[in-house]
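Step one of this worksheet: look at the structure below.
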Amino acid sequence: MLRLAGIFTLIPHIWTLLRESKSMKTSRRYFLKGTVATAAIASTVPCVSAQPNSAPIYQATGLRIGEVTPTTAIVWTRLTKNTARNNDGVVFKKRGKSEEALNTPVESIEGACPGQPGKVRLVYWPAEEKQNAITTSWMNVNEEGDYIHQFPLEGLNPQTTYHLRSETLIEGQPPHGALIGKFRTAPEADVVAPVKFCVMTCQGYPDRDHPDGHPIYPSMQDKDPDFISLTGDLIYYDNDAPSAMTSDLARLHWQRMFSLPRLVEALRNTSTYWLKDDHDTLDDDSWPGQTYGEFTFEEGQKIYRQQAPLGSQSYRTFRWGKDLQIWLTDGRDFRTPNKMKDGPEKTIWGAEQKAWFKRTVAASDASWKVLISPTPIVGPDRKNKNDNHSNATYSHEGNEIRQWLQANVPDNFFVVCGDRHWQYYSIHPETGVKEFSVGAASNSHAGGTPGRDPKYHRFHKVQGGFLNVRVDGNKDRSWIVFQLCDVDGEVAFEQTFEADR
0 MLRLAGIFTL IPHIWTLLRE SKSMKTSRRY FLKGTVATAA IASTVPCVSA QPNSAPIYQA
60 TGLRIGEVTP TTAIVWTRLT KNTARNNDGV VFKKRGKSEE ALNTPVESIE GACPGQPGKV
120 RLVYWPAEEK QNAITTSWMN VNEEGDYIHQ FPLEGLNPQT TYHLRSETLI EGQPPHGALI
180 GKFRTAPEAD VVAPVKFCVM TCQGYPDRDH PDGHPIYPSM QDKDPDFISL TGDLIYYDND
240 APSAMTSDLA RLHWQRMFSL PRLVEALRNT STYWLKDDHD TLDDDSWPGQ TYGEFTFEEG
300 QKIYRQQAPL GSQSYRTFRW GKDLQIWLTD GRDFRTPNKM KDGPEKTIWG AEQKAWFKRT
360 VAASDASWKV LISPTPIVGP DRKNKNDNHS NATYSHEGNE IRQWLQANVP DNFFVVCGDR
420 HWQYYSIHPE TGVKEFSVGA ASNSHAGGTP GRDPKYHRFH KVQGGFLNVR VDGNKDRSWI
480 VFQLCDVDGE VAFEQTFEAD R
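If you're matching positions, the sequence shown starts at 0 in numbering that gives the first Met the number 0 and goes up one per residue.
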């Protein structure tokens with residue numbers, strides 16, 4: 000039975016379900032989905048603890064599990080000062096330079112989750128094999144690292160569900176409770192196995208359409224994905240008040256977004272692959288060397304690497320069985336200035352990343368090859384934009400990439416892009432390169448399209464949502480299914496491709 004104190008912890012979560020925002024659907028189905036997701040988090044308060052007395056958990060920003068392969072993963076942990084986010088703090092509504100924000104203690108701002116020094120460790124085990132649990136050493140966390148530690152796990156079993164417990168410790172304090180999570184490892188490259196994954200992008204904090212977080216998170220969980228790819232613009236330093244004019248305010252943006260209950264619930268139960276874009280590095284259409292107030296592009300790069308469970312390289316590729324390989328590219332670290340004259344020297348990817356991409360794609364024998372890109376390769380985009388490969392100002396490199404794909408992987412390669420706030424399925428009229436835009440993370444954040452272009456679009460809709468992808472096959476054939484879903488997980492468009500082995 001829940002202790003009385005445990006019951007009281009549920010009250011704020013239940014109350015938030017009753018405060019539907021204006022843009023929310025209020026159907027019985029939607030309400031039940033939200034109730035299940037929120038109750039799942041609330042129910043962990045008395046049960047995930049390592050202690051029989053349900054000790055409080057000091058991990059308000061949750062767990063993040065990234066870079067999963069058949070045998071490895073990275074688990075992100077953070078020790079927080081309080082057991083929950085500051086839901087009653089100061090709210091800023093006006094973005095831009097704000098002396099008030101600069102002079103307000105970050106801890107007192109709504110959504111803040113300050114950290115504290117101490118120790119963290121992991122206990123993890125394959126499902127049904129808790130007797131084989133592995134316990135890491137205690138690791139110190141401190142202010143310099145934002146009280147974060149990322150645990151690299153090795154020697155895992157392929158195609159296996161793992162459970163884990165993140166434990167924290169403060170010397171001289173009563174024992175803390177533990178936060179639990181789980182994830183699945185990838186099948187090995189020669190194994191025919193079904194794979195399911197979701198892709199999302201562009202989540203504004205004031206545009207989340209529900210006080211507990213964006214509706215796409217419980218909707219994605221309903222699809223039971225093997226992984227979720229978060230493709231950038233996960234926070235908006237420049238567009239969401241208070242603007243991140245300092246490193247402390249930048250970290251606040253991460254704290255308040257990723258302490259939202261729906262995000263905590265999804266990310267502690269699903270592995271992830273993370274990409275960054277302009278708004279979660281510095282500001283709109285940014286490139287190396289720029290500043291935003293006191294905040295620099297280089298500080299943005301450093302904070303992103305702290306906040307996302309990443310390996311050593313910002314561009315990378317992962318194999319999920321015989322049928323699927325994904326590529327994740329970086330569009331910020333290596334780019335030349337957007338205002339530079341177009342030509343062979345102007346680049347988004349940089350020469351090294353571009354050579355890596357071509358080499359690894361050409362070498363892959365996967366049935367289906369999917370590039371997950373922070374920004375479009377095909378588009379079309381608005382004519383006044385000049386920040387991605389579908390824009391005229393990057394036409395030299397855009398043409399180079401599209402023409403190379405046409406010549407080398409014409410049938411089994413797909414681009415999945417973030418950044419655009421509308422959903423589409425496009426085919427480039429000259430090269431035939433196929434691209435799915437996943438759309439913004441909420442309905443209130445959707446918009447901005449130049450309109451449907453019949454030369455490109457096979458599907459076009461202004462709505463929030465995400466992309467759901469299923470890969471499967473048998474001994475003779477393989478198939479991949481792309482589903483553009485609305486925020487509630489309903490399929491708005493579906494396209495299937497099949498191929499003989």
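Glycine is no exception: its CB is placed at the ideal position from the N, C-alpha and C atoms.
Out of the options, which has the shortest C-alpha to C-alpha gap to residue i?
i    : options                   : result
A188 : S363, G299, G114 and S53  : S363
T374 : L266, K384, S366 and A365 : K384
H213 : G203, D221 and K129       : G203
D279 : P343, A249, L262 and Q289 : A249
C197 : V140, C416 and K474       : C416
S389 : T359, E429, Q115 and V408 : E429
V90  : L101, G110 and N81        : G110
R77  : E264, V437 and P113       : P113
C484 : D329, T159 and Y424       : Y424
G488 : A440, E497 and W478       : A440
P453 : Q289, I426 and R476       : I426
E434 : P409, A445 and G447       : P409
A59  : K96, I325 and N85         : N85
P343 : G288, G447 and H395       : H395
W253 : G299, G330, Q306 and D206 : Q306
Which whole-angstrom value is the C-beta distance of residue i and residue j, which I expect to be below 8 Å?
i    : j    : result
A240 : K92  : 6 Å
D471 : P193 : 4 Å
R183 : S270 : 7 Å
Y291 : Y236 : 7 Å
S436 : Q422 : 6 Å
K353 : Y393 : 13 Å between Cβ atoms; not a contact.
P186 : P69  : 7 Å
E497 : R469 : In fact, because the Cβ distance is near 12 Å, the residues do not count as touching under 8 Å.
P224 : K181 : Wrong, their Cβ atoms sit about 13 Å apart, outside the cutoff.
A365 : L323 : 6 Å
D221 : D386 : Not confirmed; about 33 Å, so no contact.
Quick check: the Cα distance between residue i and residue j, rounded to an integer number of angstroms?
i    : j    : result
E98  : P104 : 12 Å
F294 : M244 : 5 Å
H209 : V486 : 11 Å
L274 : G176 : 31 Å
A41  : L62  : Because the pLDDT at A41 is just 35, under 50, the model does not fix this residue reliably, and the point stays unresolved.
G231 : Q130 : 39 Å
Y146 : P449 : 43 Å
Q494 : H459 : 13 Å
F296 : K382 : 26 Å
Y123 : L155 : 10 Å
I376 : F492 : 20 Å
Q482 : N139 : 43 Å
G463 : G438 : 6 Å
Q405 : I108 : 50 Å
V369 : G171 : 50 Å
T71  : N102 : 43 Å
F150 : S228 : 20 Å
I234 : L466 : 19 Å
E142 : K118 : 12 Å
A265 : G378 : 30 Å
P308 : V74  : 7 Å
D499 : V190 : 16 Å
V263 : F257 : 6 Å
G446 : I302 : 29 Å
M219 : Y455 : 28 Å
Who pairs with residue i in a beta bridge, going by DSSP?
i    : result
T230 : In DSSP, T230 forms no bridge with anything.
M199 : L229
D485 : G464
W273 : L229
I179 : R164
S425 : E434 and H456
V191 : According to DSSP, V191 bridges with nothing at all.
S477 : G472 and A498
Y123 : I133 and L163
I558 : Because residue 558 is not part of the residues shown, which for the chain are 0 to 500, the question remains open.
Q324 : R318 and K368
Look up residue i in the DSSP assignment and say whether it is helix, strand or coil.
i    : result
D221 : helix
N467 : strand
G472 : strand
E298 : helix
T70  : coil
M138 : strand
Y314 : coil
P409 : coil
A111 : coil
L404 : helix
V415 : strand
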